[in-house]
Amino acid sequence: MRARLTALLAAVTVVLGSCASEVPLSEDPEINVFVADDLSPAVGETVRATLEVASTEWGLYWPVEYWILGVDETAGLGLVTQFCERRDDLGQWGFDDCMDREAGSEQHAMIEYQQLGAEALANGETFGTAGWNGTPEWGIHRFASSQPWGLTGVGGIPGDEDVKTVLHEYWHAVQHSFITTTDFEARDELMGPVWFVEGSAEYMAQYGHHTFSSQGRLPQEPKGDWPFTFESQMEGKLFSIDDASGECQERDLISIETYDDPCSELGYELGAWAIAYLVDLTGPNILLDEFHPIVEELGWQEAFETVSNLSLDEFNSSFMGFMEKSHDERLNILKVD
378 MRARLTALLA
388 AVTVVLGSCA
398 SEVPLSEDPE
408 INVFVADDLS
418 PAVGETVRAT
428 LEVASTEWGL
438 YWPVEYWILG
448 VDETAGLGLV
458 TQFCERRDDL
468 GQWGFDDCMD
478 REAGSEQHAM
488 IEYQQLGAEA
498 LANGETFGTA
508 GWNGTPEWGI
518 HRFASSQPWG
528 LTGVGGIPGD
538 EDVKTVLHEY
548 WHAVQHSFIT
558 TTDFEARDEL
568 MGPVWFVEGS
578 AEYMAQYGHH
588 TFSSQGRLPQ
598 EPKGDWPFTF
608 ESQMEGKLFS
618 IDDASGECQE
628 RDLISIETYD
638 DPCSELGYEL
648 GAWAIAYLVD
658 LTGPNILLDE
668 FHPIVEELGW
678 QEAFETVSNL
688 SLDEFNSSFM
698 GFMEKSHDER
708 LNILKVD
């Protein structure tokens with residue numbers, strides 16, 4: 378989702394501008410979930426419960442707003458109106474300017490989440506999207522999501538798919554929380570390449586889902602038509618990696634740096650396995666306890682090399698060699714305690 382995020386943040390930065398050089402911090406950050414009227418309140422309750430677990434385990438650094446749109450246009454516009462009223466009330470963005478953008482036809486507008494969901498439903502598809510959409514200048518983590526099909530019982534999708542998505546997006550909040558500057562380009566550089574940003578969010582979401590559900594801490598959701606487990610999800614990524622074709626078949630990990638790369642989707646899958654490999658070399662808390670606390674001081678690459686005890690090229694070579702191993706050998710490194 379960060380391909381959308383990069384373009385969105387660049388656009389919003391132009392609209393909003395920024396007087397502050399550092400993220401304004403709140404003394405007592407809260408989690409708020411907002412749901413369009415065409416969705417059951419239970420959807421919001423599940424998302425909030427998931428965010429509570431994630432923030433308890435990984436930290437709550439800035440206030441969180443999670444906005445969930447359904448497929449009804451009127452309900453979607455109602456939620457966008459609520460969003461813009463909130464921005465105006467908090468002195469962050471004028472109501473009219475906010476509505477012009479977020480309810481308009483500009484790419485990445487908030488209403489687009491409703492439109493994408495409605496289009497998918499009309500086409501008999503279950504496409505969905507969610508994203509961390511800012512906003513450091515306001516000192517908040519704000520997310521938006523199209524209709525979560527699994528939580529609403531559509532298409533036989535396991536509800537746990539949507540719970541995992543919430544964890545994935547919240548890990549992006551964790552990543553951003555350790556960067557204090559509001560300068561867009563500096564933040565983007567400190568976040569790192571796409572394989573790391575999305576790979577770590579996906580691995581931590583999958584591993585977090587496994588851990589939290591094993592502890593009975595996550596909401597119980599519709600099972601769907603196929604099992605949702607850490608091992609099956611990570612195995613599915615192996616199949617995607619092994620089935621890569623064309624140019625993507627020949628790519629190594631660290632060559633996948635940007636979201637406009639035609640192989641950026643491979644970065645999600647290969648990146649998740651790269652983080653699994655890093656965790657196997659170091660420990661399960663390497664990102665939260667060691668990497669992110671030093672990333673702003675050292676920069677992304679030096680921080681990564683410090684915690685992995687390998688140069689980036691050495692890590693890439695070692696990891697790509699590991700990916701040549703058998704299917705079972707690769708699965709054996711997963712931490713499933």
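Residue numbers (our numbering): 378 to 714. Backbone N, C-alpha and C fix where the C-beta goes; we use that ideal spot for every residue, glycine too.
- Contact between the stretch 625-641 and the stretch 505-520 is absent, with fewer than three C-beta pairs closer than 8 Å.
- Secondary structure note for residue 699: its alpha helix (DSSP H) is the uninterrupted segment 689-699.
- DSSP places residue 427 in the helix class (H, G or I) of the three-state scheme.
- The C-beta of residue 499 has fewer than 16 other C-beta atoms within 10 Å across all chains shown, which makes the residue exposed.
- A Cβ-Cβ separation of about 5 Å places residue 423 in contact with residue 596 under the 8 Å criterion.
- Cβ contact annotation for residue 658 (same chain, cutoff 7 Å, sequence separation greater than five): 685, in chain order.
- Counting only residues of its own chain and dropping the five nearest sequence neighbours on each side, residue 708 has a CB closer than 8 Å to the CB of 608, 611, 612 and 615.
- When the Cα atoms are used, residue 461 and residue 681 turn out to be separated by approximately 39 Å.
- CA-to-CA, the gap between residue 554 and residue 507 works out to about 19 Å.
- In this structure, DSSP gives residue 659 a state outside helix and strand, which the three-state scheme calls coil.
- Its chain contains 440 as the residues whose beta carbon lies nearer than 6 Å to that of residue 407, once the 5 sequence neighbours on both sides are disregarded; these appear in chain order.
- Take residue 677, set aside five residues on each side of it, and the residues of its chain with a beta-carbon closer than 6 Å to its own are 567 and 569, in chain order.
- For the 8 Å CB-CB criterion, residue 416 and residue 447 form a contact.
- In this structure, the CA atom of residue 704 is about 28 Å from the CA atom of residue 543.
- Counting C-beta atoms within 10 angstroms of its own C-beta, residue 494 has 16 or more neighbours from the protein chains shown and is therefore classed as buried.
- Within the same chain, and ignoring the five residues on either side of residue 645 in sequence, the residues whose Cβ sits closer than 6 Å to its Cβ are 575 and 579.
- A straight line joining the alpha-carbon of residue 591 with that of residue 442 spans about 27 Å.
- The DSSP-derived three-state label of residue 403 is coil.
- In the structure shown, residue 470 adopts coil according to DSSP, grouped into three states.
- Judged by their CB atoms, residue 654 and residue 710 are nearer to each other than the 8 Å cut-off.
- Counting along the chain, residue 594 sits inside no beta strand (DSSP E), nor does DSSP assign it H or E at all.
- Inter-residue distance for residue 602 and residue 535 is about 7 Å (C-alpha atoms, whole angstroms).
- By the criterion of a C-beta distance shorter than 6 Å, residue 589 is surrounded in its chain by 430 and 595, once the five residues flanking it on both sides are discounted.
- Cα atoms of residue 509 and residue 691: separation of roughly 31 Å, rounded to the nearest angstrom.
- Burial check for residue 524: the Cβ neighbour count within 10 Å reaches 16 or more, so the residue is buried.
- In this structure residue 419 is not in contact with residue 445, their Cβ atoms being roughly 11 Å apart against a cut-off of 8 Å.
- It is roughly 9 Å from the alpha-carbon of residue 469 to the alpha-carbon of residue 463.
- At a Cβ-Cβ threshold of 8 Å, residue 546 and residue 520 count as neighbours.
- In chain order, 509 and 578 place their CB closer than 6 Å to the CB of residue 549, counting only its own chain and leaving out the 5 sequence neighbours on each side.
- The secondary-structure analysis by DSSP pairs residue 622 with nothing; it has no beta-bridge partner.
- For residue 519, no alpha helix (DSSP H) encloses it; the enclosing beta strand (DSSP E) starts and ends at 518-522.
- The continuous stretches of beta strand (DSSP E) do not include residue 556, and DSSP gives it neither H nor E.
- For residue 437, the number of other beta carbons within 10 angstroms of its own is at least 16, and it is reported as buried.
- In the structure shown, residue 648 falls within a helical segment according to DSSP collapsed to helix, strand and coil.
- Beta bridge pairing from DSSP links residue 508 with 521.
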